[in-house]
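Novice: Residue numbers (the numbering used here): 230 to 709. Note that beta-carbon positions come from the ideal geometry of N, C-alpha and C, so glycine has one too. Following this message is one structure expressed as structure tokens.
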């Protein structure tokens, strides 16, 4: 089977969120099944120079985008046994950011979708399955069905469309999109791309893809409801026979506390007592009180309302009154940056925040903290809780989306569980669970450590999910 991933980001080349982790890890697992798996991405200016230096120019050509003829350069790089293609265009991707708030975001990714389809015969790779991801590639299934399906080399290509976050939909004016792509007026009806008078790239993928999946089973159910469905729940219910949830995994080689080069002290479930040395080093590095018996709560997150930070803000003082240390790493909304900046002054020695993307520090936080807070309003899958579990850092999570599928609440009667959870989106429910977790750490360390070592022994890799994706591809091809 030949599979081509089309995505806007992928580790190790470019990353802003969990999408990059998935596109970086899943193909590596799929090639173990014998499939020919390749990935195509934009060639961003912000990509690390070492990767740009390794990529070689394969070919170039021009595509029509409305009245414009736009240059397409295709670069190629082999990494971990996978061929990566990069679409080069300085006008669209030669910028100091990956995603912007400018008026041409719709044009940038309409161009990318067109370039991907036009590149296929030129790179001599016609996939059986074109696996598209999020709104940035949502127009690929649309154009494939409307404009390319009659062409012999394209007619047998099937599409799988993965929703990583339904909230971000790529909504742009219809006239703007039609001027670029010439899809025809029938493409903008209510049962096609039209979305409340605009054009939704996300909706295009949902309507025209052969199969759709989300990144956790619970999120696949949630988005069929009005609360989580972002006004697309009716469409998703109508495509129920072609909608499923497949839980994400993590790269268990990169995230392995026994070998992770970014943490000072390596440890396993059998040598869990060694983990505390990482805490002492991080306390010293961040200017916190150095004490092995102070519980440390970590957060590595985009600083936004989706991540439940309004709950944290509501009960911030009681959280700090537990005596736990709190470490936050992330970038985002200014009101949360202001809150955490103030907290560093108010709770000097107890609270630390770093407002940047810092992969090395993220690894240190996973390897040092005792608890990991994820009170998300919604969470399609979440990778942070999986990484935290892998490092024996017990999650405190709200029961939503992938958090519900991966974090099992501690049961004091049976001893089961691998973390602490709460159901309602309520600040005091969250506070109660934080207090419960901190109290267990202080008063019942044996039980706490037993939960942590159990968490480390869980299966968080991609092997099972990769097999499920292969079944999904076969379904799209009519083979199962």
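(1) If we require 4 or more residues per run, which alpha helix (DSSP H) segments fall completely within the region 667–693?
(2) For the region 424–483, list the beta strand (DSSP E) runs that are entirely contained and at least 3 residues long, ordered along the chain.
(3) Quick one: residues in its chain with C-beta nearer than 6 angstroms to the C-beta of residue 620, no 5 flanking neighbours on either side, listed in chain order?
(4) Given 7 angstroms as the limit, tell me if residue 527 has its C-beta closer than that to any heavy atom belonging to the ligand ZN.
(5) Out of 489, 430, 546 and 490, which has the shortest C-alpha to C-alpha gap to residue 461?
(6) Helix, strand or coil for residue 489, going by three-state DSSP, please let me know.
(7) Please confirm if the region 359–369 is in contact with the region 395–413, defined as three or more CB-CB distances below 8 angstroms between the two stretches.
(8) Between the alpha carbons of residue 609 and residue 395, how many angstroms are there, rounded?
(9) Going by alpha carbons, who is nearest to residue 579 out of 598, 437 and 525?
(10) Measuring straight from C-alpha to C-alpha, what distance separates residue 444 and residue 473?
(11) Classify residue 384: buried if its beta carbon has 16 or more other beta carbons within 10 angstroms, exposed otherwise.
(12) My parser needs the alpha helix (DSSP H) runs of 4 or more residues fully inside the region 327–387; what are they?
(13) Taking only three categories from DSSP, how would you classify residue 396?
(14) CA-CA distance, residue 283 and residue 313?
(15) Report the residue from 305, 261 and 277 whose alpha carbon sits nearest the alpha carbon of residue 240.
(16) Measuring CB atoms only, is the region 625–632 touching the region 648–664, in the sense that at least three cross pairs come out at less than 8 angstroms?
(17) Of all the options 556, 410 and 506, which has the alpha carbon lying nearest to the alpha carbon of residue 517?
(18) What does the alpha-carbon distance come out to for the pair residue 632 and residue 293?
(19) For residue 528, does the three-state DSSP call read helix, strand or coil?
(20) Could you spell out where the alpha helix (DSSP H) holding residue 514 opens and where it closes?
(21) Name the residue from 408, 490, 690 and 319 whose alpha carbon lies nearest to the alpha carbon of residue 589.
(22) Could you give the distance in angstroms between the alpha-carbon of residue 614 and the alpha-carbon of residue 439?
(23) Since I believe residue 638 is in contact with residue 646 (beta carbons under 8 angstroms), could you give me their beta-carbon distance rounded to a whole number of angstroms?
(24) Rounding to the nearest angstrom, what Cα-Cα distance links residue 269 and residue 584 in this structure?
(25) On the criterion of 16 or more Cβ atoms from any shown chain inside 10 Å, does residue 521 qualify as buried, or is it exposed?
(26) Flag this pair as yes or no: are the beta carbons of residue 648 and residue 636 separated by less than 8 angstroms?
(27) Compute the Euclidean distance between the alpha carbons of residue 302 and residue 538, then round it to the nearest angstrom.
(28) Which class does residue 595 belong to by DSSP, given the choice of helix, strand or coil?
(29) Label residue 416 either buried or exposed according to how many other C-beta atoms from any shown protein chain fall within 10 Å of its C-beta, with 16 as the threshold for buried.
(30) Candidates 356, 532, 331 and 257: which alpha carbon is nearest residue 483's?
(31) Looking at the secondary structure, which residues open and close the alpha helix (DSSP H) in which residue 575 lies?
(32) Pick helix, strand or coil for residue 629, following the three-state DSSP scheme.
(33) Report yes if the C-beta distance between residue 691 and residue 272 is below 8 angstroms; otherwise report no.
(34) Can you check which of these residues, 336, 296 and 352, is closest to residue 287 by C-alpha distance?
(35) Taking DSSP as the reference, what is the three-state secondary structure of residue 222?
(36) Can you tell which of 582, 451 and 502 has the C-alpha that lies nearest to the C-alpha of residue 606?
Specialist: The short version:
(1) List check, alpha helix (DSSP H) in window: 674–685.
(2) 427–429, 440–443 and 472–474
(3) Result list for residue 620: 486, 595 and 596, in chain order.
(4) As for the ligand ZN, it is missing from this structure, which has no ligand bound.
(5) Answer by Cα proximity: 430.
(6) coil
(7) yes
(8) 8 angstroms
(9) Among 598, 437 and 525, the Cα nearest to that of residue 579 belongs to 525.
(10) 9 angstroms
(11) exposed
(12) 334–351 and 368–372
(13) coil
(14) 11 angstroms
(15) 277
(16) yes
(17) 556
(18) In a straight line, the C-alpha of residue 632 is about 43 angstroms away from that of residue 293.
(19) strand
(20) Residues 505–515.
(21) When each option's Cα is compared against that of residue 589, the closest is 490.
(22) 31 angstroms
(23) Confirmed, about 5 angstroms.
(24) For residue 269 and residue 584, the distance between alpha carbons rounds to 30 angstroms.
(25) exposed
(26) yes
(27) 42 angstroms
(28) helix
(29) buried
(30) 257
(31) Start and end: 563–575.
(32) coil
(33) Contact flag unset, no.
(34) Among 336, 296 and 352, the Cα nearest to that of residue 287 belongs to 352.
(35) With the chain represented from 230 up to 709, any question about residue 222 goes unanswered, as that position is not in the structure.
(36) The residue with the shortest Cα to Cα distance from residue 606 is 451.
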